[in-house]
Each structure stands twice: as structure tokens, then as C-alpha cells.
Amino acid sequence: MINGLISNTGHSVIFTVENETRHHINITGGPLSYKYQFHEIHIHYGLHDQFGSEHAINGYSFPAEIQIFGFNSQLYSNFSEALHKAQGIVSISLLLQLGDLSNPELRILTEELENIKYGVFPTFVNVFFLQL
């Protein structure tokens with residue numbers, strides 16, 4: 001369970017985890033040699049359903065993309081310190097498609113979008129679950 005702030009940058013939505021809950025979520029395994037602490041999520045979307053992702057596969061864009069960022073907690077004390085260092089950060093991209101099924105964790109974030117529509121102030125999000 002994590003808490004944090006969701007904000008509108010004008011180009012994407014960013015969820016940044018509150019420091020007190022950061023230690024509960026780690027990204028490990030696969031090709032990663034270190035443990036990375038979850039730091040934030042970027043959500044990219046477009047005005048039209050087929051064009052929103054930052055990345056494409058074989059020229060095909062997706063309606064939205066979620067990017068999960070973490071920093072190497074074994075070598076660095078925070079995201080800012082790790083950002084421009086070797087083995088400093090990890091990013092996982094999830095390309096989203098439209099469908100009939102809804103994801104309850106993603107819905108927690110999307111329900112807050114109306115509160116940050118004009119990008120004036122970030123909004124606190126409480127009780128958000130993330131499973132990787």
C-alpha cells in the first residue's frame with residue numbers, strides 16, 4: 001500500500017510516492033542486478049484512443065502508456081542522486097489497450113484526473129496498491 005501525490009504536467013500525469021511509503025515497494029529480479037525502490041509513475045495518453053503512448057511497437061502506437069520508475073537503493077539514497085548515474089534508475093513501460101475490463105488500481109488514479117484537470121495543484125492519493 002502506498003500514498004502519494006498525483007499531478008498534471010500538461011503532457012502527462014505523474015504519481016509520486018510519499019517518502020514514508022517508498023520502502024514498501026521494490027523492483028527486483030529478471031535482468032536487474034540491484035534492488036530499485038519505486039519512485040513514481042508517469043501516465044501518457046492522447047486526445048484520441050489510438051495515439052497516446054510515448055513508445056510504439058512495429059509502428060503501432062497505443063492509447064496510453066504507464067511508465068514505472070525506481071531508483072537503485074543499494075547505491076544511491078534518492079531518485080535525484082541516482083538519475084544521471086550508472087545503474088541509477090530503472091523504468092518499466094506498460095502499453096495499454098482499450099477493453100471491457102477495468103483495472104481497480106488504475107481506476108484509483110484515473111478517478112483523480114478530474115481533480116487535476118487544469119494542472120493547478122497536485123492531489124493526494126491514499127491507499128493505492130501496486131503489484132509488479
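Be aware that the sequence shown starts at 1, since it is given in the UniProt record's numbering, and climbs by one per residue.
Beta carbons: idealized from backbone N, C-alpha and C, even for Gly.
8 Å Cβ cutoff, residue i in contact with chain C
| i | result |
| --- | --- |
| residue 9 | Absent here is chain C; the protein component of the structure consists of one chain. |
CB of residue i within 8 Å of CB of residue j, strictly
| i | j | result |
| --- | --- | --- |
| residue 133 | residue 70 | Any answer about residue 133 is impossible in this case: the structure gives the chain only from 1 up to 132. |
| residue 64 | residue 96 | yes |
| residue 113 | residue 17 | no |
| residue 36 | residue 75 | no |
| residue 98 | residue 49 | yes |
| residue 52 | residue 59 | no |
Bridge-paired residues (DSSP) for residue i
| i | result |
| --- | --- |
| residue 43 | 13 and 66 |
| residue 48 | 51 |
| residue 5 | 16 and 124 |
| residue 26 | 37 |
| residue 118 | Answer is none; residue 118 lacks a bridge partner. |
Integer Cβ distance of residue i from residue j, believed to fall under 8 Å
| i | j | result |
| --- | --- | --- |
| residue 15 | residue 125 | 7 Å |
| residue 43 | residue 66 | 6 Å |
| residue 38 | residue 68 | 7 Å |
Residue i CB to nearest heavy atom of the ligand ZN below 7 Å
| i | result |
| --- | --- |
| residue 27 | For the ligand ZN, the structure offers nothing, since it holds no ligand at all. |
- Item | Cβ pair count under 8 Å reaching 3, the region 104-111 against the region 71-87 | no
- Please list the segments of the alpha helix (DSSP H) lying wholly inside the region 71-109, counting only runs of 4 or more residues, in order along the chain. 79-82
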